[in-house]
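Before any comments, here is the structure.
In this note's numbering, the protein residues as written are 49 to 346.
Here you go:
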């Protein structure tokens, strides 16, 4: 039952497409974990650095790519890893959630990668997925691995500037994208395999309680990337429905952003300045590697 009118729909336009010259066609270990192959590229983690360039990752081939304002892609780094989400620190360096190597640090000036936290209490992570950095330089990240409805052990961590690692969640159902409310009092976490977004109240002492479901959807794959704007509107990227759902801080629908076709295409979202929304998607059957942008109607 739905008591609300359908939200208006707006369509995103392709801003940049990865050229064939930057496509890696050799097989990778990462692609073997999927029923359907993603052999040539899998773009993720769009993040704006200190300049207006957008940096993205290519998971199966361990690459960091830069996209300038003209839509030109440049390969910054290729290394032995599986980078996914990224977040920029105040010093301009990027914290990278790497499924294979753990939490890493990318320096866009030297174009080098170094370890940040690769394991904790001698144990490796399941497989980090996404990451954000708050105003106090605390690093929040999801440890997704292969968790699902049959393995509800995904985790959400907070890495403090002094090196302390706090565990906020241990029962996540494929925890994926995450984002803080503008006042940083609430943490939203996408639970991909349960088709939900959870809302975690963050107490002054660093703990959380009364965690609840804020958003629920449907589809073969659930919410992935999340973002908020300065008004607290939540952007929920939904791969299998080919949409970004925008709801206000009470959960009421505002708008649906579409890409002109359905399919498993949208993986991550970053709300940029000047009210542009950026998303990276991988479209089938055209196999287009692209960055899209859309002007928001408010």
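Beta carbons are placed, not taken as given, at the ideal position from N, Cα and C, and that holds for glycine.
Being a predicted model, the structure only gives us computed values, none of them experimental.
Count the other CB atoms within 10 Å of the CB of residue i; is the residue buried (16 or more) or exposed (fewer)?
i	result
residue 195	buried
residue 167	exposed
residue 293	buried
residue 183	exposed
residue 191	buried
residue 222	buried
residue 244	buried
residue 151	buried
Nearest by alpha-carbon distance to residue i: which of the options is it?
i	options	result
residue 141	99, 284, 276	99
residue 154	134, 171, 148	134
residue 290	306, 179, 172	306
residue 88	279, 280, 102, 106	106
residue 297	287, 303, 281, 304	281
residue 127	120, 187, 76	76
My output table needs one value for residue i: the three-state DSSP class, helix, strand or coil.
i	result
residue 95	strand
residue 223	strand
residue 116	coil
residue 277	coil
residue 255	coil
residue 214	strand
residue 55	coil
residue 68	helix
residue 242	helix
residue 108	helix
residue 79	helix
Does the Cβ-Cβ distance between residue i and residue j come in under 9 angstroms?
i	j	result
residue 163	residue 147	no
residue 239	residue 267	no
residue 94	residue 62	no
residue 104	residue 92	yes
residue 178	residue 273	yes
residue 121	residue 67	yes
Measure the beta-carbon distance from residue i to residue j and round it to whole angstroms, keeping in mind my assumption that it falls under 8 angstroms.
i	j	result
residue 73	residue 124	Contact flag wrong, Cβ pair sits at about 20 angstroms.
residue 248	residue 259	5 angstroms
residue 225	residue 271	7 angstroms
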